[in-house]
Each structure stands twice: as structure tokens, then as C-alpha cells.
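When the count follows my numbering, it moves up by one through the sequence shown with no breaks and lands on 1218 for the last residue.
Backbone N, C-alpha and C define an ideal beta-carbon position, used for all residues, glycine too.
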Amino acid sequence: MHTSEKTLPGDILLVSAFISYVGCFTKHYRRDLMEKMWLPLLQKLNPIIPITHNLDPIKLLTDDATIAVWNNEGLPSDGMSTENAIILTNSDRWPLIIDPQLQGIKWIKAKYGEQLVVVRLDQKNCLDTLELAITRGNTVLIENLPENLDPVLDPLIGKNLIKRGRALKIGDREIEFNDSFQLILHTKLANPHYKPELQAQCTLINFTVTRDGLEDQLLAEVVKAERPDLEELKYNLTKQQNDFKIQLKHLEDDLLSRLSSAGGNFLGDTALVENLEHTKATAQEIQEKVAEARVTSQQIDEARELYRPAAARASLLYFILNDLHKINPIYQFSLKAFRVVFHKAIERSEANEDVKIRVSSLIDTITHSVFLYTTRGLFEKDKLIFAAQMTFQVLASQGQVGVAELDLLLRFPIQPNVVSPIDFLTNNSWGAIRSLSQVDEFRNLDRDIENSVKRWRMFCECEAPEREKLPGEWKGRSDVQRLIIMRALRPDRMTHAMQTFIEERMGKKYVEGENIDFSQSYEESGPSTPIFFILSPGVNPLKEVEQLGQRLGYTCDNGKLHNVSLGQGQEKVAEEALKVAAKEGHWVILQNIHLVRQWLPRLEKKLEAYSDAAHSDYRVFMSAEPANRPENHILPQGILESAIKITNEPPRGMQANLHKALQNFTQETLEMCSKEAEFKSILFSLCYFHACVAERRKFGAQGWNRPYPFNTGDLTISVNVLYNYLEANSKVPWEDLRYLFGEIMYGGHITDDWDRVLCRTYLEEFLHPDQLDGELYLAPSFPCPPNLDYSGYHSYIDTYLPSESPHLYGLHPNAEIGFLTMTSEHLFKTVFELQPRDMGNSGGVVITREDKVCQSYQPVMHILSLCRYHV
């Protein structure tokens, strides 16, 4: 008791600071504030302020029974969520909760029930509702706050009460303030920037879901899908144990109340003694039930834990997705949408009685489903970045990649001001080698290269070094160590090296660039899940919507398809179309929504309002151009998070482009012409030509003097022309076809004379009578294929197409060095920026990026402290 009295002031001081200041921080930074800043500060004071050793604010501010009640109401059971609830219920300032996944708001609505008044600032009579609640003393939740609040709320948020009585002024009216009134503010924004005065008036609470918390939630969902009996038993036991805690607390309170109100002679009070005996027996009975439930719960947990690897993988993937907005603000995904993908992956996963095999299948299906869901909405330049980040994080979670090695690969220090003694290595490469040689795993690498120049030259100068073994003793190095050495020697081949690495570790399906049919995306959509097309130059993806609508009976002619091209004055038309479609179950196409910036917040609210009560057939399809810079991004977060995002860029690389070009056709297409052999051969050559001219853009001025928006429409129209001309002529009109394709179909985009000559030269090379005899080579070591079926052509590409190189486009090998070097630098720089703020190593120590900066600048600060400056 004496110790408690001594430490009580210090404990209250620390806990008060905890409630006031830590709410906006993540779990890691909360711990740092307590243990690395506040406690050392208090211990340095003279005299020292005593504080309880290992003080836990949760135990000081609440009890197990209260936490049990919160958990029964739906509060996640992880420690950070419990801390958030404590801060919310103990803060004197109005709480402002940052809740992008809507975890906190779900608990708040369950906690306050029907007594809670929920309003939004954009709804009608919002101020009237607030005034009535203030007068009556209700608890009010204001949902979905933007960053800029209406100044009319300033007196309420700042609690600026008029001293004459207890009144508050809102707008022009003074209203009576009831002391029972409570206000809770809520925002869905993940990283809001509120004014300093608002942050000072409110207590910010970060309800963003944690990785551990999400893992537990997803574990419950996967067990519910796989073993519903087990999950139901777990839920009932957890609730029962929480109820036991609550009951024990009530018994304890009741006992203390009776003792405090009893007279001086306890033993003479028969009713009190009997009550004490009854309380003791009841408590003993509850303790026995708790012990029994604990044993049963442990057995259930052991069975549930078998499915934890699947939940852990899903949680990891969600947080990888959640960071993609750092690449482009258009890449935003909601937890609700992620859960839909998660459950569909569980349904599609291959069944097996063996739990280990089943869990392995679940992990593979969940990972690939999330990968496909994400990549269809990424630009081509970002797909390898996402695949690399996913691969590194998955391997790191399995302990197959060390934090130090990954950090070295991504940061990649280069020793400056060195001159390369090796003629085939640049000064930059040699600086990287010298820097690596200071690390234990790469000790003496520089000496080995100098002593074995011939072997290293052969490795560096081969066409695809990423597929070769390292020379000498270095051939046994790990995959990541090979990447590190490769980045030093051949930075231009690092994109190919990363693709090889991903293929070896994750599987070929993660680098092939699988084309997802639009009808599959449509099946995943719904009234609350629109489809959002991210536009690329020269591409009109909405044709796919019209074609699908034609098959399913949604056309403009029958009034079930509303196509609105947005611009000035079209907002009312769009709103009316949405209203009718939601009621009747129609489709709405909203083109170019980026042109109506002022209307976008209203569109977001309309889509949210119609999503719950709309007809089941109601669908919305939108398109917009992405912003050229992040600061110009205008698309609302709610639209981007809820929508299925689809890009329509051509893929990267000849193999992916050739597959993509061929996927515009079917087996029926190949068989539709009477001159089948000629039609198939020329169609394949056209696909190669299309892939070639589209992919040459990546070489900059060495590819085309100006960038041209070649697209799949050029290819499909050219194939239609080919069919018509072959049907109308007894012989193949080679010259006519070259002219039509080169001067009209593709040539219609070309404005430079030399580029027009280049296009014509390609067609003379790829469309030639020799191809019908199998004597035409589209590229070195890649002859025109024989007469095959549709799947046969795809197999031919995979089997016979040489490795990616400028030779495939008729260019010199050096043409891509500059482009690939810049691409690889951008790849690793971006992946480095995506790394978690805290990465735990195998020993469990947490190394933050801030810690690394401190380690880097401390030697410099020491040197500076030794210098004397004379001004």
C-alpha cells in the first residue's frame, strides 16, 4: 500500500500523458513514447518521480470485465484496440477517430446502440439534429469528416460555452448545453491533415487495423468457412468467458457494497453472512467453469492454429496493398473489398482432407487471387514493383530472406570517387563492388574480380547473365546475394533478374501477365462494387462494357444502358441516370469523371447511398484519366476503394505483348477464313508486328521519334481487313495489305516521315510470301510458326521465342542499356520506399528506418563535433 501511494502521482502523470497524446500513433511509436522518451525523462528529474515498474496503462485505467464487455460489443481483442477504447472513454476532449477500415465505428455503434445519434455533415437538417442532441444530452457520432470542417462547428468542437448559464452558439442561435452530451468525430481518411487548432481541441485516436489484429479476424473467417462448428464453439466460449469476468466483477462490487453498508457486528448479521457464503460459492463455481472453459478453449485454439498460416498470408497481402498508394494515389483498396477476394479465394481453393495440404492450397489460392485482383488495376511499369514487394515480404515472413540482405539490395551503397581498373566495368559498378566487399558475405569480391578477369568478363558480357551461375566460389550464393552482385555488375539486366527471381520463388504465373477477361471482372462487381477503368492513350475500354451488355440484354436501344459522357452541364443527366438505374436495375456508364472535379464528392455520396438499397442488377462503370502528378490527384478515396480498378495498357516485353495481342482472337477467329493457312500465318505476323511497334516505345527516341498511341483496336481492325481481302482475292494481295496496315491502320497515328518509313520496313519484313513456306524469320532464331490451333500458337511463343532483347525488335543490343538501367533503379528505389517502417530481424529486434538514419549520421556528427569553425 505504501509503495502504491508513493508511485501514484507518477503513475497518474504518465497515464494522463498516455490518454492525451499517444492516440494518433501506431503501436510501435506508442511504446517508444512511453519507454524511450517519457520514462527516461522522468527518471532524470531531480528529485526522481517514482513510477510503478512496467506500468501498464490498460490495467490502471480499466479492468478485465470492462474489456470483456467491449469485446462482446465487437471491439477487436488486440492490445491497440483496447488502448483506443480506453482513450476514447477517458478523454476529456472530443475524440476524433481515424478509422479507414471502419473497425472503430462498428464497435461504437454497438456500444451506444439506439441511444447514439449518427449524422453526416452533408445530410439535410444536420445542424437541427445536432442542436436537439446537445439539448437532450445525447451521444452524437459525426461520420466521414473531410479534412476541412465547416467553421459553424468550431464553438462545439472547442467547447466554447457562453458563461451566461450553460449555452453554446451554433450559427446564429444559442442553445442550452446539456452536460451529458458527448461528441465523437470520425473520418475514413487514412492519413488526414487537420489544422493544428482542431488537433489541439480533439483527441486523435488511430483505429487503423493492425496486422496482428487483422490476422486474428481473418483466422476467424477462414475457420468459419472451413470448420464452422469449431468457430461457433470458439465464439460461444469466448463470450462465455467474457460473461464470467463480468459476473465476477458484479459479485465483487456487490460484496464490497454490502460490507460497506453493514453495521459494526458482521457476525451477528445473518443475512450478510449467508450472502457472503452464497457469493463465495458462486465465485468458486464460476472459477471452476472458467478453468474448464480454458482447457476447452486451448483445445479449440490448437485446432484453429492449423489455419493461421493462411490468415497470416492474407493479412500480409492486405498491408502490401494498403501501401501501394505511395506509388500512385489511384491505387487504393478497402478492407471490405479485400475480404470479398479473400472469401472467393477460399471457395475456389482445392479441397483436401489433409489439413496441411488444404492450408497450403489456401495460401496459394489466396496469394494468386489477390495478385490478379491487384495487377489488373496497376500500370505496367508498376506491376513488377508490386510483384517484387510481394515476393520479398512473403519470403521475409517465412524467414527465407534476411532483413540485412534485403536492405543491402534495396539501399545499395556505392563508394564514390573510384576509378575502375576493369575495362568492362564502369566506375559506378566498381564503386558498388568496393562497397559490397566491406560486407562479410561479400568479402574479397573485388580481389576475386581483379584476379579472375576472364571468368567475370564472360559472365558480364553474356546475353542473359541472370540465368547463368556466378563464377568460381560465388556460384553457391543465395538468390538474394546473386541479385546484389548482379545489381553491381549488370544493372541493366536487373528487371529480368527480378522476373527470374520471382518466377523461381513464387511461380511462373506471377510474371506471365495473365489477361483477365472482362466478363470475369463483371462477375465480381455488384451494386456496391462499381468497375473503374483507368484510361490510357488511344484505348476505349468501354467498348467491352457495350459488348457484354449486348450479350446480357443491356443496351441503349432498350433503355437499360445509360451512357453519359461527362463534361460541363452533364452532372444532372448523370444523377438522373443513377437514380433510374438503381431503381430499375440498369447499367450506367460514366465516362471521363475527371472532367467534373467539383461534382466528384457528390458522385461519391450518390454511389454510397445507392449501394445498399439498389436493385441487384444495378451496375456502374466509370472511366477517368490518372493525374500526371500525385499532387494533381482528384479522384475521391471512397470511389477508388470500393471499385474494381482495370487498366488497359499493353504489357511489357515481347512475350507478354505477343500473348496479349493473340488473346484478342479465338479459335473461331482462326477458322473463319476460307484461306485458313494464309489467314493464320499473316494474323500471327500481324500480332508480332503489333507487339513490336507497341513495345518500341520503351526505347525512347531510339524506338520512335515520337510516341504513338498504337492500341488493340488497330490490330483487330487490321485482322478484319485481312479477312475481307483474302476472301475477295484468289491470291494474297501482299502489297495492298502492307499499304493498308502501314499507311492507314497503324500509319494513321504516325506523323514523322522517318517513323513512317520504319513502319513500312517492318511490314515488308514481317508480311512476305516466304512465311507461307516456313522460311520467314520474324526475329533471330524465331521462325514464323507452322499451321497450328489457338492454344498451339500460345505454346509456340512460350517454347520458341528467345529471351527478351533488342534483337526481337531489330535493334542493337546496346539500345536498351540506358532504358533498363533507369527502370531497375526506379524499381529498387520504389520497393525500398514501400518497406514497412519497422522491420523485425530474426532475433526479434525492431529496426526502424529512423534508427538506420540515426546510425548513419552519428559518425558524421562526431566528426563535426571535433571540428572548430571560425566565422
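Which same chain residues, not among the five before or five after residue i, have their C-beta less than 6 Å away from its C-beta?
i, result
"Gly357", "Ile396, Pro397 and Ile398"
"Ala990", "Pro877 and Phe879"
"Arg723", "Ile863 and Ile993"
"Gly1000", "Glu1151"
Which residues does DSSP pair with residue i in a beta bridge?
i, result
"Leu488", "Val465 and Ile531"
"Leu514", "The question names Leu, yet the displayed sequence has Ala at residue 514. Beta-bridge pairing links Ala514 to Ile509 and Glu523."
"Phe879", "Met969 and Lys992"
"Phe1031", "Paired residues: none, contrary to the question."
"Leu443", "Leu532 and Leu551"
"Val935", "His909 and Val967"
"Gly873", "Thr876"
If you drop the 5 nearest sequence neighbours on each side, which residues of the same chain put their C-beta closer than 7 Å to that of residue i?
i, result
"Gly896", "Thr902, Leu908 and Trp934"
"Ser708", "Ser696, Glu697 and Asn699"
"Asn1011", "Thr1059, Leu1062 and Thr1063"
"Ala1038", "Met1001, Asn1004, Leu1005 and Ala1008"
"Leu598", "Thr626, Thr629 and Ala630"
"Ala844", "Glu813, Leu830 and Met833"
"Ser428", "Leu422 and Gly560"
"Leu1181", "Asp670, Lys673 and Gln736"
"Gly1094", "Arg1103 and Cys1106"
"Leu407", "Asp358 and Val362"
Determine the DSSP secondary structure at residue i, reduced to helix, strand or coil.
i, result
"Lys728", "helix"
"Cys549", "strand"
"Phe1166", "helix"
"Val1040", "helix"
"Pro1183", "coil"
"Ile1126", "The question names Ile, but residue 1126 is Ala in the sequence shown. Correct three-state label for Ala1126: strand."
"Leu361", "helix"
"Leu908", "strand"
"Val927", "helix"
"Gly746", "coil"
"His597", "helix"
"Glu420", "coil"
"Ala650", "helix"
"Gly560", "helix"
"Pro498", "helix"
"Pro656", "helix"
"Ile1064", "helix"
"Glu918", "helix"
"Met381", "helix"
"Ser351", "helix"
"Ile674", "coil"
"Thr617", "helix"
"Lys816", "coil"
"Pro888", "coil"
"Trp777", "helix"
"Pro977", "helix"
"His1159", "coil"
"Val1192", "Its pLDDT being 40, under 50, Val1192 is placed unreliably in this model, and the coordinates cannot settle the point."
"Met427", "helix"
"Cys809", "coil"
Just confirm the distance between the C-beta atoms of residue i and residue j, as a whole number of angstroms; I'd bet it's less than 8 Å.
i, j, result
"Asp446", "Thr557", "Rounded, the Cβ-Cβ distance is 13 Å, inconsistent with contact."
"Ile981", "Leu947", "6 Å"
"Ala735", "Leu1174", "7 Å"
Excluding the 5 residues preceding and the 5 following residue i in the sequence, name in chain order all residues of the same chain whose CB lies nearer than 8 Å to its CB.
i, result
"Leu792", "Ile780, Leu783, Ser784, Trp821 and Ile832"
"Phe1046", "Pro1153, Tyr1156, Leu1158, Ala1162, Glu1163 and Phe1166"
"Glu815", "Phe806 and Cys809"
"Gln762", "Gly778, Ala779, Arg781 and Ser782"
"Ser776", "Ser767, Ala835, Leu836 and Pro838"
"Val911", "Gln917, Val920, Ala921, Ala924, Val935, Ile936, Leu937 and Gln938"
"Asp411", "Lys592 and Lys596"
"Ser866", "Leu895"
Is the CB of residue i under 9 Å away from at least one CB in chain C?
i, result
"Leu530", "Among the chains of the structure shown, chain C does not appear; only one protein chain is present."
Next on the checklist: Runs of 3 residues minimum, wholly inside the segment 676-706: which ones carry the beta strand (DSSP E) assignment?
Outcome noted: The qualifying runs do not exist here; there are none.
Item to check | Every unbroken alpha helix (DSSP H) within the segment 830-858, with a cutoff of 4 residues, ordered by chain | outcome: If only complete runs of 4 or more residues are kept, the segment 830-858 shows the alpha helix (DSSP H) at 841-853, in order along the chain.
Item to check | Completely contained alpha helix (DSSP H) runs for the segment 1072-1144, where each covers 4 or more residues | outcome: 1081-1086 and 1100-1113
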